[in-house]
Every structure is written in structure tokens, then in C-alpha cells.
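Before any comments, here is the structure.
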Amino acid sequence: REKIGAERHRRAPSRCALFVTSFEGCSKSERQKHAAMQAFRGAVVLAVVLIATASAQMGMEGMGMGSGRRMRDKEPLAIKGDLPCVKCDVCEIVASEVYKEAEKKRAAAPMTTKKGKPGAPKEQVSSFSEQDVTTILEGVCNRRREAGEWLWYTDLVESDDESAATGAPWRALSKKERASGKNFLRVFRSQRGGDIRKWDREAATVKRSCDALFDDDVADVEDVVVPLWRGDLTEKAFKGLVCRDLTSRCGKDRKPVNEKGREDFSFDAQDKTLLDTEKMMENMKDQGMPMVMQSRDDMMEELYEQMEAEGLSREEADAFMESVNNPPPAEHVDGPDGGGGGEAAPADD
2 REKIGAERHR RAPSRCALFV TSFEGCSKSE RQKHAAMQAF RGAVVLAVVL IATASAQMGM
62 EGMGMGSGRR MRDKEPLAIK GDLPCVKCDV CEIVASEVYK EAEKKRAAAP MTTKKGKPGA
122 PKEQVSSFSE QDVTTILEGV CNRRREAGEW LWYTDLVESD DESAATGAPW RALSKKERAS
182 GKNFLRVFRS QRGGDIRKWD REAATVKRSC DALFDDDVAD VEDVVVPLWR GDLTEKAFKG
242 LVCRDLTSRC GKDRKPVNEK GREDFSFDAQ DKTLLDTEKM MENMKDQGMP MVMQSRDDMM
302 EELYEQMEAE GLSREEADAF MESVNNPPPA EHVDGPDGGG GGEAAPADD
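Using my numbering, read the sequence shown as starting at 2 and increasing by one per residue.
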């Protein structure tokens, strides 16, 4: 009888539920599991609140702390076939943006006294330096930097159908190109300050072309830095230096679009607050506090992965999230007379 009773007790389902607030009927190991789950529950509740707050206040898909794995996985890839078609347009745009940014920084730079020969009059010169130019070049292809903000306002449009284009074309088609009847890919630009485009494969293509300009095409970046620092070239002359003299970006005819066609990505307008958020993330990264942007679904998936690592099944994880989002009502506490708990007694004066 003792063996049968022990076996029945072993087979009997435990009265210790997974998410109860009382430990009645729980074994020691189950109580330990409860304690761990309560701590984990607090972390999940906080994460859910952060997800909801970020989605509501930031006006975007979501923002969270993390390793960045999903961010890297979802970073759009450049369209390789488009790169030769837009290399000249992108080069001229980059040169123009760098030139204007350098002139703006030069005008804002404070004046400093230049030391000369003993007895010679002191000379006031601008503190604008080659390092300032280098900083501009490092940021012009980074969408999270001020110098690279232009990347958000580009649209790649085929000349065969420009009806859905956003903005104005950077470079007009030549008479020869128009007479050829071929389909060319042009870079359109919209006004800064308005809606930005969704960061998709077209935006990534423009960025990749910008990166390649300094990584592959310009043999020595100092050949770009020094003229900008000196400021003795016009914008048109500087574009010619970068895109024709130092590189062959604009030395040949524009390459037409492949006859097999290409995948087009329309300008999907996004609120500019997304750009402001990306800039904030970059600033935090510079301060040693990196952040990554993730969608709400991605963050919820990570929570489920963490719960799975804690040993919960999918059903238990679903039940856990349900208990977080819809907590049970507080238990009814009887009053001293055995009846329902009434109003609280007034405090003594």
C-alpha cells in the first residue's frame, strides 16, 4: 500500500501552477523555479513597457538595446547592377555636398592669431583645418551624420518612366542620350527638411556608390582634403577634380539600364523623426553607448528566445506573456467579520 500510495503521489499532477502568486502545494525545486520566473517576469514586463513606449513616442517601428544581429541581417543590400549607371551622378552629388559643408564649416570656424616672425604684425586666420575636412569626408557617406543626410532624399528613376519620380533630376540627359532611345537610370533629389525615404535597397545603392568613391576610386584622399582646406576652387572646379581628374567617374558616357530590366523601389516617404532618431543613435555610439533599431516583432522574438533559454515551452511562454499583458484581478480579501472586505477604516486623527 505504501508503494502504491507513493506511485500515485508521483503520478499525481502538481498543484503548483506555473504563474501562481502562492507557493501552496509547491516543492522546494518548484519554489526555486517560481523565484527565478518572478525575476524574469519583471524583466519581461519592463521590456514590454519599453517596446510600447518606444513605438508610441518615437514614431517609428521600435527601438531597443541589443547585439545588433537582426539589424545587420536586415540592412538592405545595394543593387549591384545599378552602381555603374549612377556612378557619375553620385560622384557629383558627393563632391557638391562635401564642398558646401566645407564652406559652411569654414565660415563658422573662429578666427585665430597666426604667429609670425618676431616684431611682425599678428595675422588673423581661420581655425578651419584639414582635420575638419577629413571629418566631413568621413561623414558624407554615413546616413546618421549631418554631412550624409542627403542620402535620405535620393530616388533612382528610369528615364523611360519618370512619372512617379520624387524630387528633381540631378543631371539632365544629353542630346546624344535622348536620341539613343535607351533607358537610363537617373538620380532625383528632393528638398531637405521634408519627408525622407525608407532606407531600402536603392538608398543602400547610393551609399555603396559613395563609399566606393573614397575606398576604391580616389587613390589618395589627401588630394581631396587639401584643395577643400585651401578653398581656392569653385564648386564646379572641385566636382571636375573629384569626378574627372582624380577618378573616371564621369569620363565616359552614361551606362544604360540592363535590357532585362531592374527592380525599382518607389520613394516610400517616412517621417523625418526617424532621421533624428538615427542621429541620436550615432551620438550615443560615439559616447560608448551603442544602440540598434529593431522592430517590435524583432524585440518580441528576442523575448521569446530568452524564455526558451530559461526552459519554457512555447505554450508556457505564450501563457507567460498573456499573464504580463493581462494580469489577473487582485484576490478578494475577507474582512474581520468574515464578510467581504468593505471600505478601509479611516485613519486616526
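All C-beta atoms in this analysis are idealised placements derived from N, C-alpha and C, irrespective of residue type, glycine included.
Note that the coordinates shown come from a computational prediction; the quantities given were computed from them, not determined experimentally.
| query | result |
| --- | --- |
| Straight-line gap, Lys261 to Val141 (C-alpha atoms, nearest Å) | 33 Å |
| Nearest-angstrom Cβ-Cβ length linking Glu98 and Trp151, presumed shorter than 8 Å | 5 Å |
| Environment of Ala108 [buried if 16+ CB atoms lie within 10 Å] | exposed |
| Burial state of Arg193 (16 or more Cβ within 10 Å) | exposed |
| Status (buried if at least 16 other CB within 10 Å, exposed otherwise) for Ser210 | buried |
| Cβ-based burial, Asp233 [other Cβ within 10 Å; buried from 16] | exposed |
| Sheet register partners of Pro257 (DSSP bridge) | Phe185 |
| Buried or exposed by the 16-neighbour rule on C-beta atoms within 10 Å, applied to Val227 | exposed |
| Segment contact flag, the segment 265-280 with the segment 233-245, C-beta cutoff 8 Å, min 3 pairs | no |
| Cβ-based neighbour list, Asn259, same chain, cut-off 6 Å, excluding 5 preceding and 5 following | Gly82 |
| At least three beta-carbon pairs within less than 8 Å, the segment 212-219 to the segment 162-172 | no |
| When Leu138, Pro328 and Ser127 are compared against Asp221, the one with the closest alpha-carbon | Leu138 |
| Inter-stretch contact (C-beta, 8 Å, three-pair minimum) for the segment 171-188 and the segment 120-138 | no |
| Assigned secondary structure, Ala148 (DSSP; H/G/I helix, E/B strand, else coil) | helix |
| Cα-Cα separation between Ala318 and Asn326, rounded to whole angstroms | 12 Å |
| DSSP beta-bridge partners of Met323 | Strictly speaking, residue 323 in this sequence is Glu, with Met absent from that position. For Glu323, which the question treats as bridged, DSSP gives no partner whatsoever. |
| Start-to-end residues for the beta strand (DSSP E) that takes in Gln132 | Run containing Gln132: none in the beta strand (DSSP E); it sits in the alpha helix (DSSP H), Glu131 to Gly140. |
| For Glu159 and Met281, the rounded distance between their alpha carbons | 34 Å |
| Burial state of Gly63 (16 or more Cβ within 10 Å) | Annotation note: pLDDT 37 at Gly63 (below 50); position unreliable, coordinate value reported separately. Gly63 should be labelled buried. |
| Option in Ala205, Lys177 and Asp269 with minimal Cα separation from Ile80 | Ala205 |
| Endpoints, beta strand (DSSP E) assigned at Lys286 | Where Lys286 is concerned, there is no enclosing beta strand (DSSP E), although the alpha helix (DSSP H) it sits in stretches over Thr274 to Asp287. |
| Ordered list of alpha helix (DSSP H) runs contained in the segment 201-233, each at least 4 residues | 202-213 and 223-231 |
| Contact with chain C by Asp224, beta-carbon distance below 7 Å | No chain C is part of this structure, which consists of one protein chain only. |
| CB-CB length for Arg198 against Ala270, believed under 8 Å | 7 Å |
| Ser127 - partner residues in DSSP beta bridges | Met112 |
| For Ser68, the three-state DSSP class (helix, strand or coil) | Because the pLDDT at Ser68 is just 41, under 50, the model does not fix this residue reliably, and the point stays unresolved. |
| Coarse secondary structure for Glu76, derived from DSSP in three states | coil |
| Simplified DSSP assignment, three categories, for Ala270 | strand |
| One or two residues paired with Thr155 in a DSSP bridge | Arg190 |
| Residue(s) in a DSSP beta bridge with Ile197 | Gln271 |
| DSSP state of Ala318 mapped onto helix, strand, coil | helix |
| For Phe266, the nearest candidate out of Arg202, Leu313 and Arg231 (CA to CA) | Arg202 |
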